[in-house]
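Q: To get the numbering used here, take the position in the sequence shown, counting from 1, and add 10.
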Amino acid sequence: MKATGTDGIEAVTRRARELIPPDGVVTDPARLRTYECDGLAHYRVVPALVVMPEDADQLAGVVRACAEHRVPYVARGSGTGLSGGALPHAEGVLVVTSKMRSITDVRPADQRAVVQPGVINLDVTRAAAPHGYYYAPDPSSQQICSIGGNVAENSGGAHCLKYGFTTNHVLGADFVTADGEVVRLGGDAPDSPGYDLLGAVVGSEGTLGIVTSATLRLVRLPEEVRTILVGFESTDHAGAAVSAIIAAGIVPAAIEMMDALAIEAAEEAVHCNYPEGAGAVLVIELDGAAVEVAAEYDEVDRLCRENGSFEQRVATDPAERALIWKGRKSAFAAVGRISPDYIVQDGVIPRTALPEVLAAIAELSRTSGVRVANVFHAGDGNLHPLVLFDEEHEGQAEAAEEVSGAILDLCIEHGGSITGEHGVGMDKAKYMPRMYDADDLDTMQLVRCAFDPDGISNPGKVFPTPRLCGEVPGRHKGAHPLQDAGVAEVF
Ligand SMILES: Cc1cc2nc3c(=O)[nH]c(=O)nc-3n(C[C@H](O)[C@H](O)[C@H](O)COP(=O)(O)OP(=O)(O)OC[C@H]3O[C@@H](n4cnc5c(N)ncnc54)[C@H](O)[C@@H]3O)c2cc1C
Numbered sequence: 011m012k013a014t015g016t017d018g019i020e021a022v023t024r025r026a027r028e029l030i031p032p033d034g035v036v037t038d039p040a041r042l043r044t045y046e047c048d049g050l051a052h053y054r055v056v057p058a059l060v061v062m063p064e065d066a067d068q069l070a071g072v073v074r075a076c077a078e079h080r081v082p083y084v085a086r087g088s089g090t091g092l093s094g095g096a097l098p099h100a101e102g103v104l105v106v107t108s109k110m111r112s113i114t115d116v117r118p119a120d121q122r123a124v125v126q127p128g129v130i131n132l133d134v135t136r137a138a139a140p141h142g143y144y145y146a147p148d149p150s151s152q153q154i155c156s157i158g159g160n161v162a163e164n165s166g167g168a169h170c171l172k173y174g175f176t177t178n179h180v181l182g183a184d185f186v187t188a189d190g191e192v193v194r195l196g197g198d199a200p201d202s203p204g205y206d207l208l209g210a211v212v213g214s215e216g217t218l219g220i221v222t223s224a225t226l227r228l229v230r231l232p233e234e235v236r237t238i239l240v241g242f243e244s245t246d247h248a249g250a251a252v253s254a255i256i257a258a259g260i261v262p263a264a265i266e267m268m269d270a271l272a273i274e275a276a277e278e279a280v281h282c283n284y285p286e287g288a289g290a291v292l293v294i295e296l297d298g299a300a301v302e303v304a305a306e307y308d309e310v311d312r313l314c315r316e317n318g319s320f321e322q323r324v325a326t327d328p329a330e331r332a333l334i335w336k337g338r339k340s341a342f343a344a345v346g347r348i349s350p351d352y353i354v355q356d357g358v359i360p361r362t363a364l365p366e367v368l369a370a371i372a373e374l375s376r377t378s379g380v381r382v383a384n385v386f387h388a389g390d391g392n393l394h395p396l397v398l399f400d401e402e403h404e405g406q407a408e409a410a411e412e413v414s415g416a417i418l419d420l421c422i423e424h425g426g427s428i429t430g431e432h433g434v435g436m437d438k439a440k441y442m443p444r445m446y447d448a449d450d451l452d453t454m455q456l457v458r459c460a461f462d463p464d465g466i467s468n469p470g471k472v473f474p475t476p477r478l479c480g481e482v483p484g485r486h487k488g489a490h491p492l493q494d495a496g497v498a499e500v501f
């Protein structure tokens with residue numbers, strides 16, 4: 011194994027130039043700067059080299075060179091990630107998949123599509139729709155984010171309540187390991203025998219290797235879709251309606267909630283015409299066979315009224331449906347209209363804890379003086395508190411950061427998690443020890459080491475302290491307890 015350093019990156023650059031056409035190898039400092047951050051812009055690192063391979067062979071060749079010279083690399087799809095997962099390494103290579111955007115195959119007969127990693131999420135649905143199918147996981151960023159990024163983050167979206175997250179829709183993947191080998195994980199069939207290595211890769215945030223092709227499950231377009239906008243006096247009432255709907259055995263395609271501050275921002279930005287004076291709105295979508303949707307609608311309508319709704323509107327045409335969703339899907343960006351700076355937080359709680367956690371967030375906001383707008387996937391308890399501040403005012407950024415961390419503590423206290431869909435990345439690595447003890451983290455690190463013994467694939471992400479595999483040891487100076495027990499081996 012050769013040493014890392016400028017010699018290493020120069021050798022990888024030379025190899026990349028042999029493999030990839032000239033416009034796919036970027037060394038110009040001004041162009042490199044374009045890639046210095048992802049959607050979490052307050053972390054910025056300029057990479058030493060950017061490559062844009064056109065196929066899996068080119069990509070694998072670059073990774074092989076990285077492995078040979080021990081140069082770290084980071085995969086990047088569209089760079090919309092909100093946890094700093096695609097933040098480059100200053101002495102490493104950023105492998106951008108934006109030239110790998112082919113939809114290789116759409117097979118309606120077995121409900122599959124095979125796509126390259128740079129393919130934009132919504133383009134899968136566009137390709138499948140003429141055949142009567144769509145791709146269900148729908149992050150709000152679906153017009154720009156890539157399938158590779160979705161797989162790496164196990165992305166969710168409004169419709170994941172009924173249809174499941176990305177992991178439920180990826181059946182197979184071509185995958186470049188950290189030593190540059192191309193392997194196939196999973197397959198076309200719903201399940202493969204042996205360890206679920208594909209399951210380990212989905213949600214691994216680029217720390218195990220790079221996906222170069224994904225076989226996706228397509229879902230039949232429903233016969234009917236009914237989108238309902240419901241206004242409530244408060245989030246308590248809206249939360250009670252959500253619980254009542256789920257308790258009645260109805261699983262809507264989506265139930266999204268926005269509070270008054272989020273509604274105000276969305277109104278200013280996209281004039282979505284949400285019910286005036288609402289303390290909270292629910293966007294509820296029912297889909298399926300027409301008779302089933304009609305029956306569910308009657309029940310949902312009744313349960314919302316019983317729980318204090320004061321206005322209910324059903325979209326009567328696609329334009330009205332699009333406007334209802336526009337308000338919800340633009341909420342993150344819209345908050346920029348009412349606050350110069352904000353943190354998009356992402357945490358999960360059991361749905362039943364919603365009223366208690368929302369009250370605690372309101373109390374945090376009141377005592378700290380930091381405004382918090384709430385937008386969330388209410389059906390599956392995935393919160394997105396938007397913590398507002400103005401960097402120009404001394405102390406506000408720190409106060410917002412504190413409130414943001416305290417919200418994650420609330421999620422953990424209530425049996426939830428520090429991220430529902432945006433990932434850990436760089437941003438939340440420091441929160442991992444709040445959820446897991448050192449042995450848990452070391453066990454995860456053993457999995458990582460099995461895929462990437464030299465720790466060159468997206469190093470510094472997800473885990474707070476590098477451990478094992480020759481990395482700087484943390485609290486454990488000796489062998490890991492799993493090693494002592496003969497259960498695991500460090501390579
Ligand atoms: C306005 C807005 C709304 C959003 N809404 C949602 C939402 O509703 N739900 C949701 O889940 N997320 C949401 N996100 C977050 C983000 O869009 C998703 O995490 C998305 O999956 C990232 O895709 P990307 O192509 O931009 O990935 P990037 O940001 O480029 O990368 C994300 C991570 O994936 C890794 N990666 C990228 N490509 C590969 C690959 N081929 N192989 C292995 N690893 C790879 C990177 O190293 C990084 O760790 C939102 C973001 C924005 C800006």
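All residues carry an ideal CB built from backbone N, CA and C; glycine is no exception.
Can you tell me which of S93, G216 and A304 puts its alpha carbon nearest to the alpha carbon of F461?
A: Answer by Cα proximity: G216.
Q: Could you check if H179 is buried or exposed, using at least 16 other CB atoms within 10 Å of its CB as the buried criterion?
A: Buried is the call here.
Q: Determine the direct distance from the alpha carbon of L181 to that of G197, and round the result to whole angstroms.
A: Spanning the two alpha carbons is a distance of roughly 6 Å.
Q: Should Y307 and L292 be called a contact, given that it needs their Cβ atoms to be closer than 7 Å?
A: No, Cβ-Cβ distance for Y307 and L292 is not below 7 Å.
Q: Helix or strand or just coil, what does DSSP make of H486?
A: Reliability of the predicted coordinates at H486 is poor, the pLDDT of 44 falling under 50, and no value is obtained from them.
Q: Apart from the five residues just before and just after A85, which ones in its own chain have a Cβ nearer than 6 Å to its Cβ?
A: So the list reads V105, G216 and I220, once near-sequence residues are dropped.
Q: May I ask you to report which of helix, strand or coil DSSP gives A146?
A: Coil, per DSSP.
Q: Work out the CA separation of G18 and W335 for me, nearest whole Å.
A: About 48 Å.
Q: When every heavy atom of ligand 1 is checked, does at least one fall within less than 6 Å of the C-beta of F242?
A: Checking the Cβ of F242 against ligand 1 gives no.
Q: Taking only runs of the beta strand (DSSP E) that begin and end inside the segment 50–123, which ones reach a length of at least 3 residues, in chain order?
A: Runs of the beta strand (DSSP E) inside the segment 50–123: 59–61, 83–86, 103–106 and 113–117.
Q: Taking buried to mean at least 16 other C-beta atoms within 10 Å of its own C-beta, is H403 buried or exposed?
A: H403 comes out exposed.
Q: In whole angstroms, what is the alpha-carbon distance linking P32 and I238?
A: Rounded to the nearest angstrom, the two C-alpha atoms are 51 Å apart.
Q: Quick one: give me the first and last residue of the beta strand (DSSP E) that N384 is part of.
A: That run of the beta strand (DSSP E) goes V382 to H387.
Q: To the nearest angstrom, how far is it from the Cα of V345 to the Cα of V385?
A: V345 and V385: Cα-Cα distance of roughly 11 Å.
Q: Distance, Cα to Cα, N317 vs A251?
A: Roughly 5 Å between the two C-alpha positions.
Q: S319 by DSSP, collapsed to three states: which one?
A: Note: S319 maps to strand in three-state DSSP.
Q: Can you find a heavy atom of ligand 1 that lies under 6 Å from the Cβ of S108?
A: Because no heavy atom of ligand 1 lies under 6 Å away, the Cβ of S108 does not count as near it: no.
Q: Report, in whole angstroms, the separation of the C-beta atoms of L171 and V261, which I expect to be a contact under 8 Å.
A: Contact holds; Cβ gap of about 7 Å.
Q: Who does R236 pair with in a DSSP beta bridge?
A: According to DSSP, R236 bridges with L296.
Q: Starting from G159 and walking both ways along the alpha helix (DSSP H), at which residues does that stretch end?
A: I157 to E163 is the extent of the alpha helix (DSSP H) around G159.
Q: Just to check, is the beta-carbon of N178 closer than 6 Å to a non-hydrogen atom of ligand 1?
A: The answer is no for N178.
Q: Considering only their Cβ atoms, is the gap separating V60 from Y45 smaller than 7 Å?
A: Yes, the Cβ-Cβ distance between Y45 and V60 is below 7 Å.
Q: For ligand 1, is there any heavy atom lying closer than 6 Å to the beta carbon of I220?
A: Yes - ligand 1 has a heavy atom lying nearer than 6 Å to the Cβ of I220.
Q: Taking only three categories from DSSP, how would you classify S414?
A: Here S414 sits in helix by DSSP.
Q: Hey, is A258 close to ligand 1, as in C-beta under 6 Å from one of its heavy atoms?
A: No, since every heavy atom of ligand 1 falls outside the 6 Å radius drawn around the Cβ of A258.
Q: A224 lies in the beta strand (DSSP E); which residues open and close that run?
A: Its beta strand (DSSP E) spans residues G219 to R227.
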